[in-house]
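Under the working numbering, think of the first position of the sequence shown as 14, with each following residue one higher. The beta carbon of each residue, even a glycine, is placed where N, CA and C say it ideally should be. Comments concern the structure below.
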Amino acid sequence: MENKYLSPAIYPDVVSTSSGDYGKTATPFVHKELKKSLELVVSNPQAKQKSCPLEDMFSDKAKTLKASVNALLEEIKLREDLNAYQTKKINGEICRQHTELMQLENLKDHYPFNLTKDLSETKANIETNVFELEKEKRQEGLECWRDLMFLKKYLMVSLKDYWELARKRGVLKGGSLEK
14 MENKYLSPAI YPDVVSTSSG DYGKTATPFV HKELKKSLEL VVSNPQAKQK SCPLEDMFSD
74 KAKTLKASVN ALLEEIKLRE DLNAYQTKKI NGEICRQHTE LMQLENLKDH YPFNLTKDLS
134 ETKANIETNV FELEKEKRQE GLECWRDLMF LKKYLMVSLK DYWELARKRG VLKGGSLEK
């Protein structure tokens, strides 16, 4: 995908992940101790000139790992935004259904028994819809959690590989084995 986001005009139900994301923001997922490391991995530019084939290999591997970390962070942000959007949409529909229920309760007192029987059936249908929406919301939350755990697992693998590469690079440049 060339663009960082899908156009809301073309895809109104898709959440944007660009910096101008129309008021939608991702919730932070990282633990505090990882935040600094993530920022260093993602934002640390490689300013040094390539000096030898071994350095070229390390540099290429580092760039690949940084790209992996960036891609995983974007996927995590997108999934969190999508979950927030879906939850908001479901909550709006639940609210609308509850409003209809309240309106039916108000009508019930003003109509004869024949009509209140129909109102009771309508009320039961609306309550069933609310239960289904709550079920859908729980299912979306569970799917989001699964997706995020999967993405975070691979993020940690990429970070581990990056840190290991940085340690090896330091050893080859004359550093120590200490972490």
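With fewer than 16 other Cβ atoms inside 10 Å of its own Cβ, Q116 counts as exposed.
Inter-residue distance for I107 and Y98 is about 14 Å (C-alpha atoms, whole angstroms).
Shown here, H123 sits in coil according to DSSP, grouped into three states, outside any helix or strand. Counting only residues of its own chain and dropping the five nearest sequence neighbours on each side, L161 has a CB closer than 8 Å to the CB of F42, I89, R92, E93. When the five nearest sequence neighbours on each side are left out, the beta carbons in the same chain lying within less than 6 Å of the beta carbon of S81 are those of S171, in order along the chain. The Cβ-Cβ distance between L78 and L178 falls below 8 Å.
Collapsing the DSSP output to three states places K181 in a helix. Per the coordinates, the alpha-carbon of R180 lies some 10 Å from the alpha-carbon of K173. Rounded to whole angstroms, the gap between the alpha carbons of A75 and C65 is 15 Å. CA-to-CA, the gap between G154 and S72 works out to about 39 Å. With a cutoff of 8 Å on beta-carbon distance, L168 and K136 are scored as not near each other. Linking K148 to Y175 through their CA atoms gives a straight-line distance of about 40 Å. Looking at the backbone, the Cα of L95 and that of N83 are separated by about 18 Å.
When C-alpha distances from R109 are compared across I139, E134, K130, the shortest belongs to I139. Annotated three-state conformation of C108 is helix, per DSSP. Rounded to the nearest angstrom, the gap between the Cα atoms of S133 and L120 is 11 Å. In this structure, H111 places its C-beta atom within 8 Å of the C-beta atom of V143.
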